[in-house]
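Novice: Encoded as structure tokens, here's the structure I'll be asking about.
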Amino acid sequence: MSDALETRPAERPARVDGSTGVEGTPGSGWEEVQDGSPRRAANLVEVRRLTKRFGGLVANKDVDFEIPYGSIVSLIGPNGAGKTTFFNQITGLYEPTSGTISFDGYSISGLSPHQIVKLGIGRTFQNIRLFKDMTVLANVMVGRHVRLTARFWQSILRLPRVQREEDETRRRARELLDLVGLSRRYEDDLAKNLPYGDQRRLEVARALASDPKLLLLDEPTAGMNPGETARMTQFIGQLRRDLSIAILLIEHDMKVVMGVSDRITVLDHGEKIAEGTPEAVRRDPMVIEAYLGKQATE
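If you're matching positions, the sequence shown starts at 11 in the numbering used here and goes up one per residue.
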């Protein structure tokens, strides 16, 4: 992968201690310690006592959660457990009722989705949200817009830097299509004409176009046949190896979860009931009860 395009300077959100901090490497969670040397944040994501209420409904309650740098973490639980609500707070679609979310050493609670994408969080959705009447290539290029630096008036005048950015965006989009396994011969096809599994891969490519440090995948194998599911499972592991990014996964297929995860967190009725390695979570009585009912543990 090539280096990220230059980004327009922007005000950084506050660090978790309320300061703006001193970065040893831009956007990589470095904090200044007493001797002046940089220190990296302990985890890429740290969530503390996160609570989200919708009127009288408590969707998430006092959830603590971490994602180490470069790891694959899965968030599982029965339907209605609060998983997507949790996702939506990390990506800025919902604002927490209480609690804190930090990303790469910065507090992101209350930031807009656009600000959060620019900081380095990309996502896909349970229901595919492609621009289905746009080409495959254009869908990926749209995902790059947060990294572009040209001003509107420069685009109108078609200045040389605008053309250079467009050329680089097109080149990067093709690179990502190669990465996700979509042949370039499809780049001029409409997204709606791709097979379902390839539409999922295209959505991942679009999310990767923003150069995220964290990729959130919401039910990436939903609606897939066994062959497509197996290929997607392999693909998720490949993303971590090739891009050195962290991945947060919501997935109902336990074979997928157990096959790719470093750690698993389990929610039930909005609360965290278990956390640990795949093997530890598999044997946890509270997890078995949440999925199968109390009689399964007796």
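Beta carbons are placed, not taken as given, at the ideal position from N, Cα and C, and that holds for glycine.
Below 6 Å CB to CB, which residues in the same chain sit around Val-83 once its five sequence neighbours on both sides are set aside?
Specialist: Ile-77, Leu-258 and Arg-273
Novice: Would you call Phe-162 buried or exposed, if buried means 16 or more other Cβ atoms sit within 10 Å of its Cβ?
Specialist: Since pLDDT at Phe-162 reaches only 46, below the 50 mark, its modelled position is unreliable, and the value read off the structure follows with that caveat. Counting Cβ neighbours within 10 Å, Phe-162 comes out exposed, since fewer than 16 surround it.
Novice: Tell me the rounded alpha-carbon separation between Arg-210 and Tyr-104.
Specialist: Going from the Cα of Arg-210 to the Cα of Tyr-104 covers about 24 Å.
Novice: From the DSSP output, which residues share a beta bridge with Phe-113?
Specialist: Val-55 and Tyr-116
Novice: When the distance is taken between beta carbons, is Gln-136 closer than 7 Å to Glu-56?
Specialist: No, they are not a contact pair.
Novice: Determine which residues share a DSSP beta bridge with Ala-284 and list them.
Specialist: Val-276
Novice: For the beta strand (DSSP E) containing Phe-75, name the first residue and the last one.
Specialist: 67-77
Novice: Near Leu-227, which residues of its chain fall below 6 Å by C-beta distance, leaving aside the five closest residues on each side in sequence?
Specialist: Result list for Leu-227: Thr-134 and Leu-259, in chain order.
Novice: Helix, strand or coil for Pro-295 per DSSP?
Specialist: helix
Novice: Is the beta carbon of Asn-149 sitting closer than 7 Å to the one on Leu-218?
Specialist: no
Novice: Taking the straight line between their C-alpha atoms, what separation do you get for Leu-200 and Lys-128?
Specialist: Between Leu-200 and Lys-128, the C-alpha separation is close to 27 Å.
Novice: So, helix, strand or coil for Val-83, using DSSP?
Specialist: strand
Novice: For Ser-271, which residues from the same chain have a beta carbon less than 6 Å from its beta carbon, with the 5 sequence-adjacent residues on both sides left out?
Specialist: A distance below 6 Å between beta-carbons, with the five flanking residues on each side excluded, links Ser-271 to the following residues of its chain, in chain order: Ile-82, Ser-84 and Pro-288.
Novice: Leaving out the 5 sequence neighbours to the left and right, which residues in its chain are closer than 8 Å to Met-151 when beta-carbon positions are compared?
Specialist: Thr-179, Arg-180, Ala-183 and Ala-219
Novice: Can you check whether the CB of Leu-147 is closer than 7 Å to the CB of Glu-197?
Specialist: In this structure, the beta-carbon distance from Glu-197 to Leu-147 falls below 7 Å.
Novice: Quick check on this structure: which residue in Thr-94, Thr-101, Gly-115 and Asp-221 has the alpha carbon closest to the alpha carbon of His-124?
Specialist: Thr-101
Novice: Could you tell me the alpha carbon to alpha carbon distance between Arg-292 and Ile-298, rounded to whole angstroms?
Specialist: 8 Å
Novice: Who are Asp-228's beta bridge partners in DSSP?
Specialist: Ile-260
Novice: How many angstroms separate the CA atom of Gln-99 from the CA atom of Val-276?
Specialist: Computed Cα separation, rounded: 17 Å.
Novice: Looking at the structure shown, is Leu-60 part of a helix, part of a strand, or coil, going by DSSP?
Specialist: Strand.
Novice: From Gln-244 to Ala-215, what distance separates their C-alpha atoms?
Specialist: 16 Å
Novice: Which residues mark the beginning and the end of the beta strand (DSSP E) in which Arg-133 is found?
Specialist: 131-133
Novice: What residues in its chain sit with their C-beta under 6 Å from that of Gly-280, if we drop five residues either side in the sequence?
Specialist: Val-68, Ala-69, Asn-70, Lys-71 and Gly-92
Novice: Can you check whether the CB of Thr-145 is closer than 7 Å to the CB of Thr-107?
Specialist: no
Novice: Roughly how many angstroms lie between the CA atoms of Ile-126 and Phe-113, to the nearest whole one?
Specialist: 9 Å
Novice: Is it buried or exposed, Asp-252, if we count other Cβ atoms within 10 angstroms and call 16 or more buried?
Specialist: exposed
Novice: Under three-state DSSP, which class holds Leu-147?
Specialist: Looking at Leu-147 - three-state DSSP - the assignment turns out to be helix.
Novice: Under three-state DSSP, which class holds Leu-189?
Specialist: Of the three classes helix, strand and coil, the one that applies to Leu-189 here is helix, per DSSP.
Novice: Looking at Leu-225: is its Cβ nearer than 7 Å to the Cβ of Gly-132?
Specialist: yes
Novice: Taking the alpha-carbon positions, what's the Asp-143 to Ala-52 distance?
Specialist: 43 Å
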